[in-house]
Each structure stands twice: as C-alpha cells, then as structure tokens.
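Numbering (the numbering used here), first residue to last: 78 to 342.
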C-alpha cells in the first residue's frame with residue numbers, strides 16, 4: 078500500500094509565510110472596521126443623550142441647570158446629575174466605546190475616561206459638556222473668578238443652535254473653551270483640571286481618527302473634525318473666526334505637527 082507523504086519543512090514554512098502575509102494584510106482592515114463600529118456605537122449613545130437633553134429642556138422652559146459648583150455643589154455642576162431622572166444612571170451610557178478605562182487603571186488620553194469624581198466617588202464617563210450652556214443665578218457674575226456668566230447661553234431655544242456644542246467626546250466632565258485656546262502640543266496633551274487651563278484641549282482628542290463625536294443644541298449628532306472645534310459658537314461672544322480658523326488666517330504649519338494632516342476649517 079502506498080504510504081502518503083507529509084509536508085516537507087520548506088512547504089510548512091511557505092504555508093506559515095502565506096498565513097503571516099494574509100494576517101499582515103487583513104489585520105489593519107479588521108482594526109479599521111472595529112474602530113468604525115465603535116464610532117457608530119459612540120454616536121448611538123450620543124443620540125440617546127440628545128433625546129435626554131431635549132426632554133430636560135422641554136420640561137424646564139429651555140433652561141439648563143446652574144453649573145455653579147461653589148454654590149450648588151456637584152449636583153448642579155456635573156451634567157449627569159440633573160439628568161438622572163431621565164436615564165437609569167447606567168455608567169456604560171456615559172462612556173464612549175473607545176474610552177471605557179480610567180486613568181487610575183492605566184488608560185492614557187485620548188482613550189481615558191474621567192472619574193471617579195472627587196466629591197461623590199461615583200460619577201464617571203468619557204463625554205463632557207459645554208458648560209457655557211449653564212444657567213447660573215443672576216447675581217453670579219463670574220464662575221471660578223474667570224468665566225463671565227454674561228457669555229452663557231442659559232437656554233436651549235436660541236438662534237444658531239446647530240453650531241452650538243452640547244455634549245462631546247471629552248477628557249473631563251465639562252469644559253469652557255475660548256477662541257484663543259491653543260491646541261494640544263502632542264496627541265494626548267490634555268488639560269483636565271485647573272480653571273486657567275486651555276480648556277479646548279479637553280475636547281481636542283484624537284479619539285476617532287482625527288474626529289470626535291458630539292451633540293449640538295438643535296439636538297443633532299455628528300462627527301466633528303478636531304480643527305473644526307474652533308469654528309463653533311461655544312458661548313455668546315465666542316469668535317468663530319478666531320486665530321485658529323481659516324477665516325482668522327491660521328496657516329497649516331501653525332498647528333502642532335500631529336494635527337497638520339487633519340482637515341482644515
């Protein structure tokens with residue numbers, strides 16, 4: 078009876094080489110698909126939040142909470158607290174799928190979630206609110222001694238809502254950007270704490286391949302180019318043609334090297 082020959086060493090090495098080549102070709106594509114799926118899941122979560130924000134606005138004549146931590150504590154500062162009656166307080170819905178681990182567990186920006194909060198020890202997430210939307214008491218002229226409350230939007234029912242950010246991928250629970258805030262010097266250079274920090278950095282995260290996702294005040298959801306952040310109307314007097322916009326004369330070489338390949342706005 079004829080005995081069947083096995084593979085030779087050379088044949089096995091050829092097969093292994095072919096498999097390795099196929100893996101090298103397929104893995105980047107699989108990783109891209111996985112990232113795209115997470116970006117879609119991120120937008121899906123934000124669509125849920127858009128409904129929640131719209132419900133809150135509808136039941137409060139359009140007005141937001143005070144956002145004044147010094148007077149009202151965490152319950153009026155962190156967006157997830159006043160919105161608790163509208164959702165199950167499920168931590169997962171506060172987390173972008175690309176940023177589910179926390180800094181204290183070894184995660185690094187732009188893929189790190191914020192929390193636990195120092196006051197309650199429970200609130201965590203990887204989305205942050207534009208706190209220029211908040212509605213401080215009339216007698217409060219400044220928040221943290223720096224942020225003029227006359228610039229706050231206070232109410233959801235304003236003109237130009239489609240260009241006013243609400244909730245976005247973020248390195249901290251909230252931020253109040255200015256038009257002159259410089260971009261991060263490197264990918265992951267995030268200012269998370271400190272009222273004098275350049276707070277646009279908290280939103281300028283390379284979390285979705287040159288983009289983040291966000292909700293706008295018309296309660297729409299879309300992806301946002303990192304350089305596009307400087308063109309939005311964050312507060313009433315925000316200069317949407319500031320120094321970091323094409324309209325304001327920014328040159329591609331003005332951007333940090335890691336951002337130069339991204340689309341200009």
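The beta-carbon is built from N, C-alpha and C at its ideal position, and this holds for glycine as well. In this text the structure is predicted, and so the values were computed from the model without any measurement.
Annotation: residue 158 to residue 100 spans about 46 Å, alpha carbon to alpha carbon. Taking residue 228 as the centre and dropping the five residues before and after it, the same chain places the C-beta of 209, 312, 313, 314 and 315 closer than 8 Å to its C-beta, in chain order. Ranking 294, 245, 298 and 296 by CA distance to the CA of residue 278 puts 245 first. Secondary structure of residue 311 (DSSP, three-state): coil. In this model, residue 87 and residue 112 are separated by some 38 Å (Cα to Cα). Under DSSP, residue 290 forms a beta bridge with 300. Taking the C-beta atoms as reference points, residue 192 is found nearer than 8 Å to residue 201. Across the set 121, 259, 98 and 252, the C-alpha of 121 shows the shortest separation from the C-alpha of residue 300.
The three-state secondary structure of residue 230, taken from DSSP, is coil.
Here residue 257 is exposed, its C-beta having fewer than 16 other C-beta atoms within 10 Å.
Per DSSP, reduced to three states, the secondary structure at residue 135 is helical. Between residue 261 and residue 333, the beta carbon gap of about 7 Å places them in contact (Cβ cut-off 8 Å).
Residue pairing by DSSP places residue 224 opposite 220 in a beta bridge. Each residue's CA atom was taken as its position, placing residue 284 and residue 175 some 7 Å apart.
Here the C-alpha atom of residue 308 lies approximately 24 Å from the C-alpha atom of residue 140. Counting every other CB atom within 10 Å of its CB across the protein chains shown gives residue 135 a total below 16, marking it as exposed. For residue 212, the number of other beta carbons within 10 angstroms of its own is at least 16, and it is reported as buried. If you ignore the 5 residues before and after residue 225, its C-beta comes within less than 8 Å of the C-beta of 218 and 219, all in its own chain and listed in chain order. Ranking 180, 177 and 126 by CA distance to the CA of residue 206 puts 126 first. Counting other Cβ atoms within 10 Å of its Cβ, residue 291 reaches 16 or more and is therefore classed as buried.
Under the criterion of beta carbons closer than 8 Å, residue 303 and residue 336 qualify as touching, at roughly 6 Å. A distance below 6 Å between beta-carbons, with the five flanking residues on each side excluded, links residue 295 to the following residues of its chain, in chain order: 238 and 239. When secondary structure is reduced to three states using DSSP, residue 164 falls in the coil class, being assigned neither helix nor strand.
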